[in-house]
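K.L.:
Residue numbers (our numbering): 1 to 322. No residue lacks a Cβ here, since even glycine has one placed at the ideal position from N, Cα and C. Bear in mind the structure is a predicted one, so any value in this text is a computation, not a measurement.
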């Protein structure tokens, strides 16, 4: 049967157009998207080795925990977020309570340190330790040497609101409810954030000499720029007794993450001891590996303290409303 030349020409053009359309599609690199309230876009450099090894592009969205919750709830599987890295463990527990985090169990694969600082119940993997420290003026008679001193002496409180639960949870664990609540009240009564006009003890010049309750990361990051830290060093309270309280820096995977497998590999990268030390040095925190952060830490795990977070939050709101 003789073929119609016009028909053959049309078919040929269609086939060429189809091939042209397919080859014109631009290559889209795989992406791993991290939502964080302290990392910025430029911080992808911290993970450059991982991105190169896995031929993946890492993006960081700087979002508050509330914004992360609303984004994921509104867009669900289309949020694009794979991992969250939040400054305070309190915010991580908040996301988990809203069933935003995916279950992780790396028990078989990881070191004992990684297992100790992670929680399969609350779905996070701890990678860094941020102690609650006291910054004090050099050559001064510093009266705040242990956490108990915070209930008796005035001090500057530089903690953000989402740090109160992790900081105070050990107190409620150690004391009964009545004594624990009184401890928190006394501590907050002696905490100030700015000079008090007309108060001879807390005027401008004396205010700057007060010891400061803060995190190690805040002190190291802002030592040269924050006047509150001028001429100050720091100590780790309770290091010689029950151990220093700390906040845990962690990583969590979002439910329905598009890149779950690569997200697990990313966590493994951050837990590798060599990478872990480098990452924490960059973030002004301590590595989870004990030989890299040789100080006495409060021994109950962060996971054990999370149930106290909501109690502290409600009690603090009650005190502030009175």
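Flag this pair as yes or no: are the beta carbons of residue 238 and residue 193 separated by less than 8 Å?
P.N.:
no
K.L.:
Smallest Cα separation from residue 315: which of 213, 229, 178 and 191?
P.N.:
178
K.L.:
Measure how close the beta-carbons of residue 82 and residue 33 come, nearest whole angstrom, since I'm counting them as under 8 Å.
P.N.:
Cβ-Cβ separation between residue 82 and residue 33: approximately 5 Å, consistent with a contact (criterion under 8 Å).
K.L.:
Which whole runs of the beta strand (DSSP E) in the segment 136 to 206 are 3 residues long or more, in chain order?
P.N.:
155 to 157
K.L.:
Report the rounded CA-to-CA distance for residue 296 versus residue 80, giving the unit in angstroms.
P.N.:
40 Å
K.L.:
Quick one: is residue 319 buried, meaning 16 or more other Cβ sit within 10 Å of its Cβ, or exposed?
P.N.:
exposed
K.L.:
Would you tell me roughly how many angstroms separate the C-alpha atoms of residue 229 and residue 159, rounded to the nearest one?
P.N.:
14 Å
K.L.:
Within the chosen definition, does the segment 286 to 305 reach the segment 138 to 156 through at least 3 CB pairs nearer than 8 Å?
P.N.:
no
K.L.:
Suppose the cutoff is 8 Å on Cβ atoms and the five residues either side in sequence are ignored; what does the same chain contact list for residue 204 look like?
P.N.:
Answer for residue 204: 195, listed in chain order.
K.L.:
Do residue 133 and residue 216 have their CB atoms nearer than 8 Å?
P.N.:
yes
K.L.:
By alpha-carbon positions, which one of 129, 270 and 184 ends up nearest to residue 51?
P.N.:
270
K.L.:
Mapping DSSP to helix, strand and coil, what is residue 128?
P.N.:
strand
K.L.:
Determine the direct distance from the alpha carbon of residue 246 to that of residue 306, and round the result to whole angstroms.
P.N.:
13 Å
K.L.:
If we ignore side chains and look at the alpha-carbon of each, how far apart do residue 87 and residue 243 end up?
P.N.:
21 Å
K.L.:
Measure the C-alpha to C-alpha separation of residue 114 and residue 284 and round it to an integer number of angstroms.
P.N.:
19 Å
K.L.:
Taking the C-alpha atoms as reference points, what is the distance between residue 40 and residue 62?
P.N.:
6 Å
K.L.:
Do you know whose CA, among 100, 96, 53 and 64, lies nearest residue 75's CA?
P.N.:
100
K.L.:
Can you tell me where the alpha helix (DSSP H) holding residue 113 begins and where it ends?
P.N.:
112 to 116
K.L.:
If you reduce the DSSP assignment to three classes, tell me which class residue 305 lands in.
P.N.:
Here residue 305 sits in helix by DSSP.
K.L.:
Run through the segment 51 to 105 for me and flag every whole alpha helix (DSSP H) of 4 or more residues, listed as ranges in chain order.
P.N.:
65 to 75 and 89 to 97
K.L.:
By DSSP, does residue 217 sit in helix, in strand, or in coil?
P.N.:
DSSP places residue 217 in helix when its eight states are reduced to three.
K.L.:
Between the alpha carbons of residue 312 and residue 91, how many angstroms are there, rounded?
P.N.:
Roughly 14 Å between the two C-alpha positions.
K.L.:
Can you give the Cα-Cα distance for residue 365 and residue 208, rounded to whole angstroms?
P.N.:
Outside the modelled stretch of the chain, which goes from 1 to 322, sits residue 365, for which no answer is possible.
K.L.:
The alpha helix (DSSP H) spanning residue 274 covers which residue range?
P.N.:
273 to 283
K.L.:
Find out if the Cβ-Cβ distance for the pair residue 301, residue 116 is shorter than 8 Å.
P.N.:
yes
K.L.:
CB residue 232 to CB residue 138, shorter than 8 Å?
P.N.:
yes
K.L.:
Give the DSSP-derived three-state secondary structure of residue 48 in the structure shown.
P.N.:
helix
K.L.:
Look up residue 321 in the DSSP assignment and give the residues it is bridged to.
P.N.:
Bridge partners of residue 321: none, in fact.
K.L.:
Run the CB neighbour count on residue 250, radius 10 Å, all protein chains shown included, and call it buried at 16 or more, exposed below.
P.N.:
buried
K.L.:
Under 6 Å Cβ to Cβ from residue 273, same chain only, skipping five residues before and after it: list those, please.
P.N.:
The answer, listed in chain order, is 289.
K.L.:
Leaving out the 5 sequence neighbours to the left and right, which residues in its chain are closer than 8 Å to residue 174 when beta-carbon positions are compared?
P.N.:
These residues qualify, in order along the chain: 180 and 242.
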